[in-house]
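Undergrad: Quick one: the structure is below, and I'll ask about it shortly.
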Amino acid sequence: QVQLVESGGGLVQAGGSLRLSCVSSERPFNRYAVGWFRQAPGKEREFVVGITYNGETTHYADSVKGRFTISRDNANTVYLQMNSLKPEDTAVYYCKAREDGMYYDYWGRGTQVTVSS
Numbered sequence: 524q525v526q527l528v529e530s531g532g533g534l535v536q537a538g539g540s541l542r543l544s545c546v547s548s549e550r551p552f553n554r555y556a557v558g559w560f561r562q563a564p565g566k567e568r569e570f571v572v573g574i575t576y577n578g579e580t581t582h583y584a585d586s587v588k589g590r591f592t593i594s595r596d597n598a599n600t601v602y603l604q605m606n607s608l609k610p611e612d613t614a615v616y617y618c619k620a621r622e623d624g625m626y627y628d629y630w631g632r633g634t635q636v637t638v639s640s
């Protein structure tokens, strides 16, 4: 059972930056593709960005392209660097992992990001 813990959320003014971390209990973490999702109040959870198990390929939602960057280290952490934050980025951010070739998704409990205008 893989456990994921997100951290790094907080309150920031528009135009500011935050770096989220997703730490896995699985080490090494390089068999898992990882995605960041977010859910704003009253809205459905939406995809933000994903990275393949080997870190070679990333995919971004149009709404965050050029502002957010996903990366992973060689141990057990995936990062989400968020720059030029906007009030519409306010949401709970979740980390999801899926082992390569498998179909079960592991989710973290989320971290709150609030961007004030």
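When the letters of the sequence shown are read in order and numbered with our numbering, they come out as residues 524 to 640.
Ideal Cβ placement from N, Cα and C applies to all residues, glycine included.
#1: Considering Glu622, what are the terminal residues of the beta strand (DSSP E) in which it resides?
#2: Quick check: what's the CA-CA separation for Gly573 versus Tyr555?
#3: Under the rule that 16 or more other beta-carbon atoms within 10 Å means buried, what is Glu529, buried or exposed?
#4: Applying the 10 Å Cβ sphere with the 16-neighbour rule, what's the burial state of Thr580?
#5: Taking the alpha carbon of Cys618 as the point to measure from, which residue in Thr592, Gly533, Asp596, Val546 has its own alpha carbon closest?
#6: Counting only the same chain and skipping the five closest in sequence on each side, list residues whose C-beta sits under 7 Å from that of Gly531.
#7: How many Å lie between Arg550 and Met625 at the Cα?
#8: If distances are taken between C-alpha atoms only, which option among Asn577, Gln536, Gln562 comes closest to Ser594?
#9: For Glu611, which of helix, strand or coil comes out of DSSP?
#10: Please go through the same chain and pick out, in chain order, the residues whose beta-carbon is closer than 6 Å to the beta-carbon of Val557, but skip the five residues on each side of it.
TA: Well, looking at it:
#1: 614-622
#2: 11 Å
#3: buried
#4: exposed
#5: The candidate whose alpha carbon is nearest that of Cys618 is Val546.
#6: Correct list, in chain order: Leu541, Arg542, Leu543, Ser544, Thr634.
#7: 17 Å
#8: Asn577
#9: DSSP places Glu611 in the helix class (H, G or I) of the three-state scheme.
#10: Ile574, Val601, Ala620
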